[in-house]
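Numbering (the UniProt record's numbering), first residue to last: 1 to 333.
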């Protein structure tokens, strides 16, 4: 099974191999049959599979402020990972759901759709978000399996479906947190991709102007500002976040690291980062070339100013020479 990927309420289908879908459905139905003591047919999986939705609201969420807001509104929540994740227990249609609030600016709702989160929960936490921007979202499927008392199997990715299982509630929540961090990695990257696309549209206009032999409307300050924004964007991708590496939290937890990396692979995080860095290289080089054209244009203008000043100076000297010559002729007479 798979669910559409959503971004800005635009829906695109993830490329999933049909054979892989069949295999995924077969594995999950087998697990459900094993622990439910009755046969679960793959066609009945819709009853068990639920959505998990990631929405990146801004660059960061102040978890201390978010906790204060939830407490003021009498909403039950707990710290899941210190300085990283708060777990907010929400009730919707008489069902309990986990809504994870991540310090990286993302909300991850288990059993919640994007529409439900945007309508009911996003507004509550807006006061804790730093640098709010148009949100990006990602939606996948998950299934929760209650394993036997003696089983120690951990959670894992099966195709496009997150399989949550385990006896310990605490252990399951930490594994869900690892899934949430991996899922948030995709929406945070989508935010940067969208910003880059807007920059590309701006620089495209300048390139089209140059190719048409027309006069550039952008000045040196505009180009320098765009170049600065591109450097900042590259920093957000490669330096100021953990987008290109595994968070320190998971280095000492092999199981959690495996989950985090599995989600990242499924969402093509590394290829997307590589492509984005290549685009940044090209756009930055384009801006440098444009700045060079403007500097050359500015240099040409300065050369003409110097030539005109020299001509003016020559004119003055000519006038002085004529005056001296005229005075000398007058005295001679």
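No residue lacks a Cβ here, since even glycine has one placed at the ideal position from N, Cα and C.
Practice item. Determine the direct distance from the alpha carbon of residue 170 to that of residue 149, and round the result to whole angstroms. Key: Low local confidence applies: a pLDDT of 46 at residue 149 is under 50, so the model's placement there is unreliable, with the coordinate-based value given in what follows. Cα-Cα distance, rounded: 15 Å.
**Study point:** Nearest-angstrom Cα separation, counted from residue 237 out to residue 230
**Key:** Rounded to the nearest whole angstrom, the C-alpha separation of residue 230 and residue 237 is 11 Å.
Exercise for review: Give a yes or no on whether the C-beta atoms belonging to residue 63 and residue 181 are separated by under 8 Å.
Suggested key: Going by C-beta atoms, residue 63 is not nearer than 8 Å to residue 181.
Check your understanding: At a cut of 8 Å, does the region 51–71 reach the region 133–143 through at least three beta carbon pairs?
Key -> Yes, they touch.
Check your understanding: What are the partner residues of residue 270, as DSSP defines its beta bridges?
Key -> Assignment of beta-bridge partners to residue 270 by DSSP yields no partner.
Check your understanding: Run through DSSP, which three-state label would residue 134 get?
Key -> Looking at residue 134 - three-state DSSP - the assignment turns out to be strand.
Review point. What's the gap between the Cα of residue 276 and the Cα of residue 179?
Key: Their backbone Cα atoms lie some 23 Å apart in a straight line.
Check your understanding: If you draw a straight line from the alpha carbon of residue 233 to that of residue 266, how long is it in whole angstroms?
Key -> Straight through space, the alpha carbons of residue 266 and residue 233 are spaced by roughly 24 Å.
Point to revise | residue 108: first and last residue of the uninterrupted beta strand (DSSP E) it sits in | key: Counting along the chain, the beta strand (DSSP E) containing residue 108 begins and ends at 106–110.
Check your understanding: Any idea which residues DSSP pairs residue 141 with across the strands?
Key -> Looking at the DSSP output, residue 141 shares a beta bridge with 51, 161.
Point to revise | Sequence-distant residues of its chain with Cβ nearer than 7 Å to residue 313 (five each side left out) | key: Closer than 7 Å at the Cβ level, and outside the excluded window around residue 313, lies no residue.
Review point. Would you call residue 108 buried or exposed, if buried means 16 or more other Cβ atoms sit within 10 Å of its Cβ?
Key: Residue 108 comes out buried.
**Study point:** Nearest-angstrom beta carbon gap, residue 86 and residue 334 [assumed within contact, 8 Å]
**Key:** Nothing about residue 334 can be read from this structure; the chain reaches only from 1 to 333.
Point to revise | Endpoints, alpha helix (DSSP H) assigned at residue 227 | key: Taken as a continuous stretch (DSSP letters only), the alpha helix (DSSP H) holding residue 227 covers 220–238.
Point to revise | Closest Cα partner of residue 221 within the set 96, 144, 288 | key: It is 288.
Exercise for review: List the whole-angstrom C-beta distance separating residue 145 from residue 32, where the pair is believed to meet the contact cut-off of C-beta under 8 Å.
Suggested key: That pair is a contact at about 6 Å.
Review point. Would residue 161 pass as a contact of residue 49 if the rule is Cβ separation under 8 Å?
Key: Judged by their CB atoms, residue 161 and residue 49 are nearer to each other than the 8 Å cut-off.
Exercise for review: Classify residue 70 as helix, strand or coil using the three-state DSSP reduction.
Suggested key: In the structure shown, residue 70 sits in a helix (DSSP, three-state: H, G or I).
Check your understanding: For residue 84, which of helix, strand or coil comes out of DSSP?
Key -> Reduced to three states, the DSSP call for residue 84 is coil.
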